Amino acid sequence: AQSVTQLGSHVSVSEGALVLLRCNYSSSVPPYLFWYVQYPNQGLQLLLKYTTGATLVKGINGFEAEFKKSETSFHLTKPSAHMSDAAEYFCAVSLWGGGFKTIFGAGTRLFVKA
Amino acid sequence: DGGITQSPKYLFRKEGQNVTLSCEQNLNHDAMYWYRQDPGQGLRLIYYSQIVNDFQKGDIAEGYSVSREKKESFPLTVTSAQKNPTAFYLCASSIRGKVETQYFGPGTRLLVL
């Protein structure tokens, strides 16, 4: 069965420090991969996605993620954290099964310290 | 502006009561989805619809019902059979048949009195 695992339900970084949010997936076929961000009491917003082609994907707000097939990972990074990055981040896998089905990870809440 | 609207923002349910959450989109998307979000559990799929007048159960459909009479509307009813309805409910839409982004509404928080 396909699944998505986000390592760490909470991550805390200092402002200006590197952000690294980890995501691993299990899938029997090449998946399509997404990172979404959710601010408190709001819906989810797409940060970036990988479908095919270049494995390093750049998204909005300075985030990027690298698809590593051998490691079944899609970790999200940002070189320098900003206070406005504090939010919950969800990794998701989209698979075809008579229509695309998206499976979401449990989420990682990012705290940014001044 | 195109987007998805959900109403109300907060909803209170009494014991034995059915309540309906509204979801409307003007993105001309064929597919629409309902998710339930609980702390630490991510999003779980309740129902989805790929086309008007058709919908499918997701992973946690028990105690919920939907309809899809119009392309732009996908209301969710939380019935009295749903014993633990307190959660944040998110509606989303996407272009059917493509690997695509899902566009999310702002959510409805359902609380039980």
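Residue numbers (the working numbering), protein chains in the order written: chain A, 18 to 131; chain B, 8 to 120. Ideal placement from N, C-alpha and C gives every residue a C-beta, glycine not left out. The structure presented is a predicted model; accordingly, all values stated were derived computationally and were not measured.
- Taking C-beta atoms as the reference points, residue 40/A and residue 92/A count as a pair closer than 8 Å.
- Taking 8 Å as the cut-off, the Cβ atoms of residue 122/A and residue 21/A count as close.
- Judged by DSSP secondary structure, residue 63/B falls within the beta strand (DSSP E) whose first and last residues are 61 to 64.
- In chain order, 130 place their CB closer than 6 Å to the CB of residue 31/A, counting only its own chain and leaving out the 5 sequence neighbours on each side.
- Here the C-alpha atom of residue 102/B lies approximately 28 Å from the C-alpha atom of residue 102/A.
- Take residue 45/A, set aside five residues on each side of it, and the residues of its chain with a beta-carbon closer than 8 Å to its own are 19, in chain order.
- DSSP, reduced to helix, strand and coil, places residue 77/A within a helical segment of the structure shown.
- When secondary structure is reduced to three states using DSSP, residue 44/A falls in the coil class, being assigned neither helix nor strand.
- With contacts defined by Cβ atoms closer than 8 Å, residue 25/A and residue 89/A do not form a contacting pair.
- For residue 122/A, the nearest beta carbon of chain B is closer than 8 Å to its own beta carbon.
- The straight-line gap separating the alpha-carbon atoms of residue 106/A and residue 80/A is approximately 12 Å.
- Neighbours of residue 63/A in chain B, taken as residues at a C-beta separation under 7 Å, are given in chain order as 108.
- For a Cβ distance threshold of 8 Å, nothing in chain A lies close to residue 89/B: the least Cβ distance comes to about 21 Å.
- In the three-state DSSP reduction, residue 26/A falls in the coil class, being neither helix nor strand.
- One finds 109 in chain B with Cβ atoms closer than 7 Å to the Cβ of residue 119/A, taken in chain order.
- Close partners of residue 26/A in chain B (Cβ separation under 8 Å): 47.
- Spanning the alpha carbons of residue 38/A and residue 96/A requires a straight line of approximately 12 Å.
- Spatial neighbours of residue 83/A in its own chain (CB-CB distance under 7 Å, excluding positions within 5 residues in sequence) are listed in chain order as 72, 73, 92.
- Residues of chain A whose Cβ lies closer than 8 Å to the Cβ of residue 15/B do not exist; the shortest such Cβ separation is about 13 Å.
- The three-state reading of DSSP puts residue 31/A in strand, counting E and B together.
- Scanning its chain for C-beta atoms nearer than 8 Å, with the 5 sequence neighbours on each side dropped, one finds around residue 20/B the residues 26, 85, 92, 117, 118, 119, 120, in chain order.
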